[in-house]
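J.: Residue numbers (this note's numbering): 44 to 130. Every residue, glycine too, gets a C-beta built ideally from N, C-alpha and C. Since the structure is predicted, the reported quantities are computational estimates derived from the model, not experimental observations. Sharing a structure, written as C-alpha coordinates. Questions coming.
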(Lines of atoms letter the chains of each structure in order from A; the text may use other names.)
(Lines give C-alpha, C1' and ligand atoms only; values in the text may rest on other atoms or scores of the structure.)
Protein backbone atom coordinates (compact mmCIF):
# COMPACT_ATOMS: atom_id res chain seq x y z
CA UNK A 44 0.00 0.00 0.00
CA UNK A 45 2.76 2.44 0.87
CA UNK A 46 4.54 1.66 -2.40
CA UNK A 47 1.53 3.02 -4.30
CA UNK A 48 1.45 6.22 -2.24
CA UNK A 49 5.16 6.82 -2.80
CA UNK A 50 5.07 5.93 -6.52
CA UNK A 51 6.10 8.96 -8.59
CA UNK A 52 3.83 8.09 -11.54
CA UNK A 53 0.80 7.74 -9.24
CA UNK A 54 1.57 11.03 -7.49
CA UNK A 55 1.92 12.76 -10.85
CA UNK A 56 -1.44 11.33 -11.94
CA UNK A 57 -3.12 12.54 -8.74
CA UNK A 58 -1.64 15.98 -9.29
CA UNK A 59 -2.90 16.02 -12.88
CA UNK A 60 -6.43 15.19 -11.66
CA UNK A 61 -6.38 18.47 -9.78
CA UNK A 62 -4.60 20.69 -12.28
CA UNK A 63 -5.14 19.44 -15.84
CA UNK A 64 -8.12 18.48 -17.95
CA UNK A 65 -7.26 15.90 -20.58
CA UNK A 66 -8.74 12.62 -21.78
CA UNK A 67 -7.31 10.55 -18.92
CA UNK A 68 -8.41 12.89 -16.15
CA UNK A 69 -11.82 13.40 -17.76
CA UNK A 70 -12.40 9.66 -17.97
CA UNK A 71 -11.24 9.23 -14.37
CA UNK A 72 -13.62 11.93 -13.13
CA UNK A 73 -16.43 10.31 -15.13
CA UNK A 74 -15.79 6.92 -13.50
CA UNK A 75 -15.66 8.53 -10.03
CA UNK A 76 -18.96 10.34 -10.71
CA UNK A 77 -20.65 7.15 -11.93
CA UNK A 78 -19.56 5.19 -8.86
CA UNK A 79 -20.73 7.91 -6.49
CA UNK A 80 -24.05 8.24 -8.32
CA UNK A 81 -24.60 4.48 -8.09
CA UNK A 82 -24.03 4.62 -4.34
CA UNK A 83 -26.36 7.60 -4.00
CA UNK A 84 -28.99 5.97 -6.21
CA UNK A 85 -28.90 2.80 -4.15
CA UNK A 86 -29.36 4.77 -0.93
CA UNK A 87 -32.17 6.81 -2.50
CA UNK A 88 -33.88 3.69 -3.78
CA UNK A 89 -33.75 2.11 -0.35
CA UNK A 90 -35.20 5.22 1.28
CA UNK A 91 -37.95 5.76 -1.28
CA UNK A 92 -39.14 2.27 -2.15
CA UNK A 93 -37.47 -0.11 0.27
CA UNK A 94 -40.62 -1.17 2.09
CA UNK A 95 -42.72 -1.47 -1.07
CA UNK A 96 -40.55 -3.59 -3.36
CA UNK A 97 -37.87 -4.83 -1.00
CA UNK A 98 -34.67 -3.17 0.09
CA UNK A 99 -32.31 -5.17 -2.10
CA UNK A 100 -34.34 -4.73 -5.29
CA UNK A 101 -34.83 -1.01 -4.59
CA UNK A 102 -31.07 -0.60 -4.17
CA UNK A 103 -30.38 -2.40 -7.45
CA UNK A 104 -32.92 -0.36 -9.40
CA UNK A 105 -31.73 2.90 -7.80
CA UNK A 106 -28.09 2.18 -8.60
CA UNK A 107 -28.94 1.34 -12.21
CA UNK A 108 -31.07 4.42 -12.90
CA UNK A 109 -28.95 7.03 -11.09
CA UNK A 110 -26.08 7.17 -13.63
CA UNK A 111 -28.58 7.87 -16.43
CA UNK A 112 -28.74 11.49 -15.33
CA UNK A 113 -25.20 11.85 -14.05
CA UNK A 114 -23.23 10.67 -17.08
CA UNK A 115 -24.55 13.30 -19.54
CA UNK A 116 -24.24 16.05 -16.92
CA UNK A 117 -20.62 15.19 -16.14
CA UNK A 118 -19.68 14.94 -19.82
CA UNK A 119 -21.33 18.30 -20.52
CA UNK A 120 -19.64 19.86 -17.48
CA UNK A 121 -16.20 18.58 -18.49
CA UNK A 122 -16.78 19.83 -22.04
CA UNK A 123 -17.70 23.30 -20.76
CA UNK A 124 -14.68 23.35 -18.43
CA UNK A 125 -12.44 22.41 -21.33
CA UNK A 126 -13.88 25.21 -23.45
CA UNK A 127 -13.45 27.76 -20.67
CA UNK A 128 -9.91 26.63 -19.93
CA UNK A 129 -8.83 27.03 -23.55
CA UNK A 130 -10.19 30.58 -23.95
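Could you please give the first and the last residue of the uninterrupted alpha helix (DSSP H) stretch that includes residue 88?
T.: It spans 66 to 96 - the alpha helix (DSSP H) in which residue 88 sits, taken as one unbroken run.
J.: Assign residue 102 to one of two classes, buried (16 or more other C-beta atoms within 10 Å of its C-beta) or exposed (fewer than that).
T.: It counts as buried.
J.: May I have the straight-line CA-CA distance separating residue 14 from residue 106, to the nearest angstrom?
T.: Because the chain in this structure spans residues 44 to 130, residue 14 falls outside the shown range and cannot be described.
J.: Does the stretch 85 to 93 come within contact of the stretch 57 to 68, defined as at least 3 CB pairs closer than 8 Å?
T.: These segments do not touch.
J.: Return helix, strand or coil for residue 130, following the three-state DSSP convention.
T.: Residue 130: coil per DSSP, three-state reduction.
J.: Please state the DSSP three-state secondary structure of residue 49.
T.: Coil, per DSSP.
J.: With distances taken between CB atoms, is the gap from residue 117 to residue 66 smaller than 7 Å?
T.: Contact: no.
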